[in-house]
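In the working numbering, the protein residues as written are 172 to 904.
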């Protein structure tokens with residue numbers, strides 16, 4: 172951004188390095204693709220020369236499944252073709268621009284106080300208020316789409332606690348700066364005992380007051396009288412029908428808004444935009460757009476950071492890291508946003524639900540960065556305000572940011588400012604405007620963040636992926652299988668909606684605007700949902716034909732066996748290598764394979780169906796919020812897969828598990844006893860595939876038959892799955 176008088180010969184503020192051994196890896200991928208093509212050739216020859224109509228149909232469907240898997244493999248490997256890694260030099264930034272740093276507005280979004288507890292929300296707020304950044308250039312906005320007076324009360328308490336917490340953070344330079352996260356670490360012994368004890372006591376007293384109000388289900392009357400903001404809830408009828416509630420809790424323009432050391436506090440604003448049953452509110456995208464407009468009236472920071480309410484700041488230097496990519500004199504002119512990875516603090520050692528997203532954050536996003544920039548994932552992302560508001564990239568773009576250091580010295584008081592800014596948060600304000608279309612986040616898709624990032628790329632901008640050693644943000648990963656599958660169902664549904672919309676990377680909207688490789692990587696997530704059909708077919712048909720004793724793969728002694736063996740072995744070894752190289756365990760890799768099958772046969776299936784229903788007008792899109800509460804009973808069983816309810820997804824998983832178990836043991840038994848059954852030589856790959864699926868499903872069998880705790884499979888699921896699996900097996904025989 173800022174050009175600076177010394178910018179011409181100055182050292183760069185960031186560095187980009189390509190992945191090592193790139194060319195060798197590309198040759199390896201080419202060899203694998205040749206193997207895949209040979210598998211396709213084998214299937215075609217079998218289809219042409221098989222006279223049995225039923226078997227020819229099975230061969231054709233197997234070929235189509237393998238054709239799909241080959242296509243999906245090409246797409247996934249396109250994200251590995253040109254990986255780059257970024258490194259920021261914030262010491263150089265401070266040396267050149269400390270007195271010219273831009274104002275930063277931080278948006279924290281919450282939507283439901285029952286599944287996003289207020290204590291968790293304010294810990295995130297406090298962590299971003301405590302950034303190592305000039306406080307007079309920092310403004311924090313909490314968007315509460317739940318319209319909860321409890322969330323407002325918690326934020327009010329946080330505004331008072333921040334007067335003590337921010338000086339404590341800066342005096343002892345602690346990390347992380349979320350109070351709950353910091354007090355739970357073992358490193359807090361580095362500060363003096365008295366100071367730690369004092370601040371911890373203040374935090375626990377605040378937590379007790381908030382929890383007491385939450386347990387009461389209302390704010391006590393004596394508390395309501397202490398702040399005018401509570402009067403806003405007198406006329407609130409429901410979460411979906413209320414006026415705009417806007418309260419400036421800390422006015423950064425007020426010289427008296429200081430901490431206990433006399434240092435200015437960041438501006439802190441509570442917003443619950445107007446809701447009406449007669450107007451669509453467009454979920455998180457609508458909330459973000461309301462924040463964009465309201466903040467432009469109050470602080471108007473040129474840089475915007477948005478985080479989900481569970482993603483607390485884990486690195487107090489993240490703002491400065493991001494600015495290195497926005498303020499480099501030579502290379503920043505076309506960078507629209509800087510995306511940090513989505514990381515989690517509550518993962519088990521072997522990541523039982525595959526929630527770490529390690530391959531996404533360590534491999535796929537760096538690969539996308541090398542193609543033109545990562546996608547916008549909706550949290551942990553720094554934006555240029557004007558780009559988010561619809562600006563196209565061009566030579567006329569002004570990179571000077573010096574004027575942003577001038578605080579908006581409006582003369583009106585906080586109350587008058589609130590009334591002025593409320594207008595732009597009304598639900599009717601967007602009518603007849605380009606908001607949700609060409610301005611702000613896009614509407615009409617469950618993955619509003621991804622589709623917004625794509626539109627920014629199509630306007631000529633690039634983005635940067637930055638993954639520092641100390642993670643910028645840490646959040647809560649789902650702690651049950653049901654939560655995980657529902658989350659992926661929403662992601663798969665939203666990405667498929669995007670693929671089928673006019674904004675899809677394969678549609679005319681992206682053609683000619685972004686490179687083919689960039690569009691291919693975008694497709695990696697867009698085609699999650701269609702995976703269900705090929706995966707389900709491969710999980711069922713080879714096992715059933717093992718039961719019948721009919722081979723579907725080449726003999727071991729056949730030359731056609733070689734491409735199958737090469738592709739299978741090299742893919743497994745390269746996948747394991749990726750996990751181990753980036754610090755994961757072999758157990759993490761195994762659990763990821765299990766979860767990929769579980770997701771493909773449930774989350775992607777239901778996401779695919781819901782997308783079609785929505786496309787043809789039989790249903791409307793929903794935004795399912797993933798629960799952020801950590802159940803203590805479930806937490807005790809964190810290393811065991813949690814079921815606990817009779818979800819249709821569990822019925823599918825249990826039925827497939829029982830079907831493969833029956834096919835494996837009965838099929839192998841027939842091979843051993845019945846001499847008329849084809850030899851082991853011709854059925855080996857089917858035995859291995861079916862056996863692999865049985866081992867993958869061990870947690871399912873444990874939940875069906877052996878566990879006695881509350882996380883087991885319900886009896887109704889057990890009965891239904893057994894009946895369905897046995898019925899299918901008897902029918903095929």
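All C-beta atoms, glycine included, are put in the ideal place defined by N, C-alpha and C.
Under the Cβ criterion (8 angstroms, minimum of three pairs), the region 444–463 counts as touching the region 403–421. In chain order, 421, 422, 435 and 436 place their CB closer than 7 angstroms to the CB of residue 428, counting only its own chain and leaving out the 5 sequence neighbours on each side. Contact between residue 775 and residue 700 is confirmed by a C-beta separation of about 5 angstroms, below the 8 angstroms threshold.
Here residue 431 carries a coil assignment [DSSP, helix/strand/coil].
As DSSP reads the structure, residue 443 sits in a beta bridge with 416. A straight line joining the alpha-carbon of residue 240 with that of residue 483 spans about 38 angstroms.
Annotated three-state conformation of residue 610 is strand, per DSSP. Residue environment for residue 426: exposed (fewer than 16 other C-beta atoms within 10 angstroms of its C-beta). The alpha carbon of residue 837 has as its nearest neighbour, out of 904, 603, 430 and 619, the alpha carbon of 904.
A distance below 7 angstroms separates the beta carbons of residue 884 and residue 814.
The three-state secondary structure of residue 646, taken from DSSP, is strand. Around the beta carbon of residue 389, a 10 Å sphere encloses fewer than 16 other beta carbons of the protein chains shown; the residue is thus reported as exposed.
DSSP places residue 507 in the uninterrupted beta strand (DSSP E) bounded by 506–510. Taking a C-beta distance under 7 angstroms as the contact criterion, residue 250 and residue 539 qualify as a contact pair. In the same chain as residue 724, and ignoring 5 residues on each side of it, the C-beta atoms closer than 7 angstroms to its own belong to 735, 856 and 857, in chain order.
Under the 8 angstroms Cβ criterion, the region 473–487 counts as touching the region 636–656, having at least three qualifying pairs. The residue among 616, 474, 545 and 323 with its C-alpha nearest the C-alpha of residue 532 is 545. Here the alpha carbon of residue 424 sits roughly 31 angstroms from the alpha carbon of residue 283.
Non-local beta-carbon contacts of residue 708 in its own chain, meaning distances under 8 angstroms to residues more than five positions away in sequence, involve 232, 233 and 236 in chain order.
Separation of residue 261 and residue 253 (C-alpha to C-alpha, rounded to the nearest whole angstrom) is 26 angstroms. Going by beta carbons, residue 635 and residue 548 fall outside the 7 angstroms limit.
Counting every other CB atom within 10 Å of its CB across the protein chains shown gives residue 692 a total of 16 or more, marking it as buried. Linking residue 889 to residue 519 through their CA atoms gives a straight-line distance of about 27 angstroms.
Judged by their CB atoms, residue 552 and residue 605 are not nearer to each other than the 7 angstroms cut-off.
Counting only the Cα atoms, residue 640 lies some 18 angstroms from residue 353.
Within the same chain, 475 and 508 come within 6 angstroms of residue 554 by CB-CB distance, once the 5 residues on both sides are set aside.
When beta bridges are read from the DSSP output, residue 187 appears opposite 257.
Counting only unbroken stretches of 4 or more residues, the alpha helix (DSSP H) elements lying wholly within the region 731–780 are 732–752 and 757–769, in sequence order. Taking C-beta atoms as the reference points, residue 478 and residue 279 count as a pair closer than 7 angstroms. Counting only runs of at least 4 residues, the region 265–353 fully encloses the following alpha helix (DSSP H) elements, listed from N- to C-terminal order: 289–300 and 320–343. In the same chain as residue 230, and ignoring 5 residues on each side of it, the C-beta atoms closer than 8 angstroms to its own belong to 214, 217, 218, 221 and 723, in chain order. Around residue 652, the same chain offers 524, 812, 813 and 814 as residues with beta carbons nearer than 7 angstroms, after the five sequence neighbours per side are excluded. Distance from the Cα of residue 777 is smallest, within the candidate group 746, 823 and 623, for 823. For residue 263 against residue 184, the beta-carbon gap comes to about 6 angstroms, under 8 angstroms, which counts as contact. The region 456–472 makes contact with the region 612–625; the number of CB pairs closer than 8 angstroms reaches 3 or more.
The distance from the Cβ of residue 246 to that of residue 536 is about 15 angstroms, inconsistent with a contact at the 8 angstroms cut-off.
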